[in-house]
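Here the structure comes first, spelled out in structure tokens, and everything after it is commentary.
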């Protein structure tokens, strides 16, 4: 069974989660995340737009830094709001803790975004699955370079905070009866939100010491259309996910506007027409219209920053009254008006960026590249795998997982270079160093 090397407190183990404990362990976790290879590689992984297209817009690295900043801001606001409520205040994560969680939340995402994720699950769906958040857990528990057997060897609270979906692939997988037999369209292999089946022991360690009934409920699922999804998330995770949503809806909006991917008419039709009229944008309509579509990046940034500042005070803590463990029972939520506004902004980014044909074409191209790399590495491991990866491959009983770990850890640019080195006749030399 997988166990972490770091010793845990005696007695009631979930007392370690209390925010009154020393912050040194969270600071150590944050340092390990910042200095690990997986975090640095985020600078060359796609966030929304393809890496290398422009020097302004966000990569997964800058996105993660912004999520950490927003997460810290959320905690600061909540600490002020609930200064007299010790039941809430004592369970708020420290600044180091929430930053560690937010910085780590995307370290397992593969090259080429969700296109790469589906491509890897095409090969792994019958062998424990592949999902970006599940791979983040593998990076923390197995693949990080701090410990040869325990990855980054992080504390339970950090790992619980990053754990967005505490369910196994086999518990929520529900693929079409007839999966696509061609690789030209592999949409049916989109993975459920989960962790990989091989990491069941890691999940058990994270939750060890919590009441059995809390563990059972926390690991339960609920319907989502014709599929099932994780029903619960932890308190720290809820803060991180809200910070992630705000960054996606507001910061990614800045990229859209800076690159002039949308018109003022689209803004009118898809945002302003859907707002309630009593929301933050409608109340200062002239300000936002003028600033967001200004030629000046300073003016645009002014509006973006003001939007961020609007959302933070609209967040409150709510107790679900479902769990004995406060770190599972407490959640955060936006006010109804703020949540509706954020959803409109997220829908706008999704429609005008993620779903636009130019972006979909790049994602599809990356997906096909990942498919071909996985296949050729799987079929020629002795010939093509780097020595360290080949050694793991030879020693592992889960050989496809070793290939998957290797490909998922690639940056966009590394995957492209390796593809050309293997497949392009006029590329590659014995002197090449990837």
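Numbering (the numbering used here), first residue to last: 885 to 1318.
Note that CB positions come from ideal geometry on N, CA and C, so glycine has one too.
If you're wondering where the values come from, they're calculated on a predicted model, not measured in any experiment.
Between which residues of its own chain and residue 972 is the CB-CB distance below 6 Å, once the five residues before and five after are set aside? 966 and 1201
Taking 8 Å as the line, does the beta carbon of residue 929 fall inside it for any heavy atom of the ligand MG? For the ligand MG, the structure offers nothing, since it holds no ligand at all.
If I'm right that residue 1052 touches residue 1130 with Cβ under 8 Å, what's the distance once you round it to whole angstroms? 29 Å between Cβ atoms; not a contact.
With H, G and I counted as helix, E and B as strand and the rest as coil, what does DSSP make of residue 1067? coil
Pairs of beta-carbons, one from the region 1066-1079 and one from the region 946-959, closer than 8 Å: are there three or more? no
CA nearest to the CA of residue 1017, picked from 1033, 1003 and 994: 994
Any chance the region 998-1017 sits against the region 1250-1258, with 3 or more Cβ pairs inside 8 Å? yes
Give the secondary structure of residue 1045 by DSSP, where H, G and I count as helix, E and B as strand, and everything else as coil. helix
Answer with buried or exposed for residue 970, where buried requires no fewer than 16 other C-beta atoms within 10 angstroms of its C-beta. exposed
Which residues in the same chain as residue 1058 place their Cβ atom closer than 8 Å to its Cβ, once the five residues preceding and following it in sequence are excluded? 1076, 1110, 1111 and 1112
Continuous beta strand (DSSP E) assignments of at least 3 residues falling wholly in the region 1204-1247: 1214-1218
Check whether the region 1015-1031 touches the region 1282-1301, counting contact only when three or more Cβ pairs, one atom from each stretch, lie closer than 8 Å. yes
Can you have a look at residue 980 and say buried or exposed, based on whether 16 or more other CB atoms are within 10 angstroms of its CB? buried
Where does residue 964 sit, in a helix, a strand or coil, going by DSSP? helix
I think residue 1040 touches residue 1099, with their Cβ atoms under 8 Å apart; what is that distance to the nearest whole Å? Their Cβ separation, rounded to whole angstroms, is 13 Å, which puts residue 1040 and residue 1099 out of contact at 8 Å.
Can you have a look at residue 1241 and say buried or exposed, based on whether 16 or more other CB atoms are within 10 angstroms of its CB? exposed
Extent of the continuous beta strand (DSSP E) run through residue 1295: It is not in any beta strand (DSSP E) - residue 1295 carries neither H nor E in the DSSP assignment.
Is DSSP giving residue 1117 helix, strand or coil here? coil
Measuring straight from C-alpha to C-alpha, what distance separates residue 1042 and residue 913? 7 Å
Buried or exposed for residue 919, please, with buried defined as at least 16 other CB atoms from any protein chain shown within 10 angstroms of its CB. exposed
Could you tell me how far apart the beta carbons of residue 1038 and residue 916 are, in whole angstroms, since I believe they sit closer than 8 Å? 7 Å
Which parts of the region 1146-1191 are runs of the alpha helix (DSSP H), unbroken and 4 residues or longer, counting only runs that do not cross its ends? 1148-1154, 1164-1167 and 1169-1176
Three-state secondary structure assigned by DSSP to residue 916: helix
Count the other C-beta atoms from every protein chain shown that fall within 10 angstroms of the C-beta of residue 1096, then say buried if there are 16 or more, exposed otherwise. exposed
With distances taken from CA atoms, which of 1120, 1215 and 991 is nearest residue 1036? 991
I'd like the list of long-range same chain contacts for residue 961, defined as Cβ closer than 7 Å, with 5 residues on each side in sequence excluded. 1196, 1197 and 1199
With respect to the beta strand (DSSP E) encompassing residue 1054, which residues constitute its N-terminal and C-terminal limits? Segment 1053-1056 is the alpha helix (DSSP H) holding residue 1054; no beta strand (DSSP E) there.
DSSP state of residue 1201, grouped into three classes? strand
Indicate whether residue 923 and residue 1004 have their beta-carbon atoms separated by less than 9 Å. no
Proximity of residue 1214 and residue 1044 at Cβ, strictly below 9 Å: no
Test item: CB-CB of residue 1146 and residue 1232 under 9 Å: yes
CA-to-CA distance, residue 1280 to residue 1144, given in whole angstroms: 49 Å
Measuring CB to CB, does residue 1119 end up less than 9 Å from residue 1101? no
Look up residue 1022 in the DSSP assignment and say whether it is helix, strand or coil. helix
Beta-carbon spacing of residue 1055, residue 1105 below 9 Å: yes
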